[in-house]
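Read in UniProt numbering, the sequence shown has 623 at position 623, and its numbers run on one by one without any break. All C-beta atoms, glycine included, are put in the ideal place defined by N, C-alpha and C. Please read the structure below before turning to the comments.
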Amino acid sequence: MASDQFPGHRVLPIAICAVASVLVSVYLGTRFFRKKRPENGNGNSPGTMNTNVSQDGTAGTEIGHEFEVFLSFRGSDNRKSFTDYLYHSLTDAGVRTFRDNEELRVGEEIGPKLMKSIQQSKIFIPIFSRDYASSKWCLKEVTEMVKCMKENKRSIMPIFLDVTPDEVQHQSGGYAKSFSAHENRFGVEVVQVWRAALREVVKLKGLELDTVANGHEGEFIKLIVATVLAELKKANLDMSKVLVGIDDRVKEVMKLLEVGGNDVRIVGIWGMGGIGKTTLAKLIYNQIVENFEQSSFLNDIRETSRTPRGLQYLQSRLVSDILRRDREEYANVEEGINVLKNRLRYKKALILLDDVDHVKQLKALAGDVHWFARGSRIIVTTREKEILDQFQVRDTYEVTLLNKDQAFDLFCKHAFRDDTRKADFVTQSWDIVNITGKLPLALEVIGSFLSYYSGRKDIWDSTIELLKRKPTMDVQDKLKISYDCLDLEQKEMFLDIACFFIGVDIRLLIPMWDDCKFFPKVGIEILLLKSLIKIQDDNTIQMHDQLRDLGRRIVEQESYRDLGSRSRLWRSEEAMDLLAEQQGASKVEAISLEGYHFTEEEECLTDDMFMNMPRLRILELGSAKLDGNFRHRFRQLRWLSWQEQNISTPANLYLKKLVLLDLSRSLIDEDWIGWSSIKVSLDTFNLSAYDSINLITANIRVTYSPFACFPDRVEPKSS
């Protein structure tokens with residue numbers, strides 16, 4: 001589904017329906033609208049600590065930075081256009097932003113207030129425009145930025161507006177003329193420092209208007225704001241709103257971490273599934289992340305490692321997070337280890353490795369403390385203490401069950417929401433606490449389920465009887481009570497999420513489920529109410545691994561031996577086995593080949609492989625090719641993820657009911673003959689293009705959607 005995620009915890013790198021422009025990061029962009037902090041007129045929030053700059057240029061501040069972002073730009077190029085829009089977008093998003101202005105310059109030097117504003121900012125954003133280099137002030141600012149980056153570990157995020165990185169790097173075109181003029185005025189030695197600073201900045205990961213937004217300034221600014229928010233770590237890991245008995249646990253783990261020490265330390269948090277390890281680890285992560293230069297949270301390592309090339313993916317994601325570089329592909333785990341060894345030792349980092357279930361995962365991701373910079377901290381969560389022992393993790397913390405009072409409190413918070421009916425169900429509540437063994441996840445899910453029936457003692461009593469009937473049932477059996485009471489359509493959505501859509505933006509799924517008559521607006525609310533899913537601040541769906549495993553077990557129980565009798569195939573190897581048999585599968589609704597490593601013989605999938613699949617509505621082809629006549633194969637298909645395609649992709653696809661198409665990292669342009677069949681058959685065409693699609697054809701138009709969840713919508717023109 002997603003180019004940067006594997007099944008089980010994927011965040012779909014989709015920008016919806018931007019045929020004329022590439023909208024990278026729908027889910028990041030939504031953070032632009034998350035939290036607004038009122039400003040007092042200069043970009044500061046009320047209550048924030050201001051830095052007072054004295055006449056001699058010294059700054060007095062008790063805490064933090066005065067500014068989070070410093071904008072450097074050529075005023076004559078874009079002060080009243082792009083930069084003004086970006087400045088107000090950042091401040092509206094609650095980012096304390098400094099915008100350079102001429103009054104702060106003194107003679108030939110940067111004035112003391114401007115200098116301190118640079119030094120007191122967290123992120124520098126030089127906006128490279130056509131005449132940027134003609135300003136000695138801009139060049140001096142960039143030089144100071146590079147100095148702060150090297151000496152004070154600040155971040156620089158270059159923006160390329162109407163010039164390319166190559167033009168800035170090689171200082172050609174207008175930049176060549178500007179530098180020549182500067183050399184005549186200031187001398188070669190001075191200008192060489194400016195030249196070097198510019199080249200240093202261009203090496204960093206930046207954003208180019210024409211590349212990432214196809215010239216669309218509004219979407220480009222949304223992406224910049226989202227990237228800044230992510231860099232500032234305002235988008236903390238989402239936490240449960242209901243935390244009970246966790247304060248003492250946090251204190252104990254914090255003692256083990258000793259944040260601020262110069263050593264590199266690994267701390268293991270272990271305990272049974274559903275007991276709250278990840279909740280504890282994420283809470284600590286959020287509390288201490290500001291003490292580190294960079295951070296990385298690798299969730300659900302157990303599940304990801306089971307996918308093809310899963311460990312390599314995790315390695316590349318870790319490197320990308322820490323170095324702020326685009327994710328690279330590694331041929332094998334050994335190559336990834338070499339990269340980790342050589343490239344992570346310069347950034348003091350906080351790393352959270354969640355749900356580790358084999359020592360080889362730790363060896364691949366944190367094999368030696370010498371891989372990391374001094375002061376780095378690595379938190380590991382696992383169900384098995386044996387793994388921590390094998391890896392010789394000295395500092396470990398066991399998450400134990402809540403005591404009875406804490407368990408009762410947690411259950412009541414989920415079951416009643418308020419105290420109005422709590423007194424009527426005290427006995428039943430204590431029964432459930434005892435039967436569930438005080439396991440937090442079970443208390444949350446069953447409590448949330450019963451909150452839906454807070455006036456029905458008969459439902460409460462029946463639930464207790466069901467739990468008592470099998471006192472030895474495992475946690476998934478207890479959770480299944482809530483699943484069993486869902487409507488059929490809600491069960492379908494739950495299973496779709498468990499098998500395919502964890503980490504996916506919920507707004508992408510609603511149209512598909514709506515087209516399937518699953519009534520998603522109601523269903524999602526029920527799933528949320530019963531704590532079977534959670535929606536993050538960025539609109540992505542999350543599901544506890546125990547609930548995910550429950551959903552997948554339910555699908556496997558449809559038929560243990562016959563893959564064709566299951567409704568969903570999320571393991572790519574099993575899906576490929578089924579297709580290779582060419583026997584058909586009338587019950588299959590969803591297939592994923594994401595992450596499958598195709599041989600030359602396997603790469604082309606024929607139309608015969610999809611015979612007798614009349615119910616297929618979700619298909620993830622990965623990088624597979626299609627060969628044959630598919631006109632009658634995908635009549636019910638609503639969701640098609642098909643990545644890394646090129647001009648040779650066949651055109652005879654009759655996708656009458658398709659709702660969402662993901663063509664991430666594809667090389668398809670307006671000349672592709674496939675558009676002729678796709679565009680006449682689609683009623684709604686949500687195009688996902690991540691890297692290199694550029695499509696504008698005579699028969700496709702971009703229109704504004706009235707739906708808040710879909711900023712743009714692409715539809716076929718009426719003939």
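Here serine 482 carries a helix assignment [DSSP, helix/strand/coil]. Every alpha helix (DSSP H) of 4 residues or more that sits fully in the region 358-390 is shown, in chain order, as 359-366 and 385-390.
For aspartate 562, the number of other beta carbons within 10 angstroms of its own is below 16, and it is reported as exposed. Shown here for glutamate 183: same chain residues with a beta carbon closer than 7 Å to its own, the five before and five after excluded, namely Val191 in chain order. With distances taken between CA atoms, valine 399 lies nearest to Leu439 out of Ile432, Leu439, Arg185 and Leu365. Sequence-distant partners of serine 376 (beyond 5 residues in either direction) whose C-beta falls short of 6 Å from its own C-beta, in its chain, are Val264, Lys348 and Ala349. For the 9 Å CB-CB criterion, leucine 621 and tryptophan 642 form a contact.
In this structure, Leu569 is the residue among Thr599, Leu569, Leu283 and Glu556 with its C-alpha nearest to the C-alpha of valine 588. Under the three-pair Cβ rule at 8 Å, the region 338-345 does not count as touching the region 212-232. The three-state reading of DSSP puts serine 155 in strand, counting E and B together. The region 518-538 makes contact with the region 476-490: 3 or more CB pairs, one atom from each, lie closer than 8 Å. Between glycine 437 and leucine 401, the gap from beta carbon to beta carbon is short of 9 Å.
Around the CB of glutamate 600, fewer than 16 other CB atoms lie within 10 Å, so the residue is classed as exposed. When C-beta atoms of the region 199-214 are compared with those of the region 154-163, three or more pairs fall below 8 Å, so the two segments count as touching. Collapsing the DSSP output to three states places threonine 606 in a strand. Under the three-state reduction of DSSP, tryptophan 137 is assigned to helix.
Taken in chain order, the complete alpha helix (DSSP H) segments of 4 residues or longer contained in the region 186-219 are 188-202 and 209-212. In this chain, the alpha helix (DSSP H) harbouring alanine 580 covers 572-581. Sequence-distant partners of lysine 530 (beyond 5 residues in either direction) whose C-beta falls short of 6 Å from its own C-beta, in its chain, are Ser448, Phe449 and Ser482. For the options Phe67, Ile446 and Val433, the alpha carbon positioned closest to that of lysine 116 is the one of Phe67.
Threonine 227 is not bridged by DSSP to any residue. Separation of tryptophan 137 and valine 267 (C-alpha to C-alpha, rounded to the nearest whole angstrom) is 47 Å. Between arginine 99 and tyrosine 87, the gap from beta carbon to beta carbon is short of 9 Å. The three-state secondary structure of isoleucine 510, taken from DSSP, is helix. The alpha carbon of leucine 616 has as its nearest neighbour, out of Asp662, Trp430, Trp460 and Leu655, the alpha carbon of Leu655.
For cysteine 412, the number of other beta carbons within 10 angstroms of its own is at least 16, and it is reported as buried. Per the C-alpha coordinates, the member of Leu71, Leu365, Ile618 and Leu528 positioned closest to glutamate 334 is Leu365.
Three or more pairs of CB atoms, one per stretch, sit closer than 8 Å, so the region 552-562 contacts the region 493-506. Secondary structure of glutamine 643 (DSSP, three-state): coil.
Residue pairing from DSSP leaves alanine 415 without any beta-bridge partner. Between the region 324-334 and the region 385-393 there are fewer than three inter-stretch CB-CB distances shorter than 8 Å, so the stretches are not counted as touching. Spatial neighbours of phenylalanine 425 in its own chain (CB-CB distance under 7 Å, excluding positions within 5 residues in sequence) are listed in chain order as Trp460. The Cβ atoms of threonine 279 and isoleucine 246 lie closer than 9 Å to each other. When secondary structure is reduced to three states using DSSP, leucine 441 falls in the helix class. The beta-carbon separation of glutamate 252 and tyrosine 397, rounded to 6 Å, stays under the 8 Å limit for a contact. For isoleucine 541 against phenylalanine 501, the beta-carbon gap comes to about 6 Å, under 8 Å, which counts as contact.
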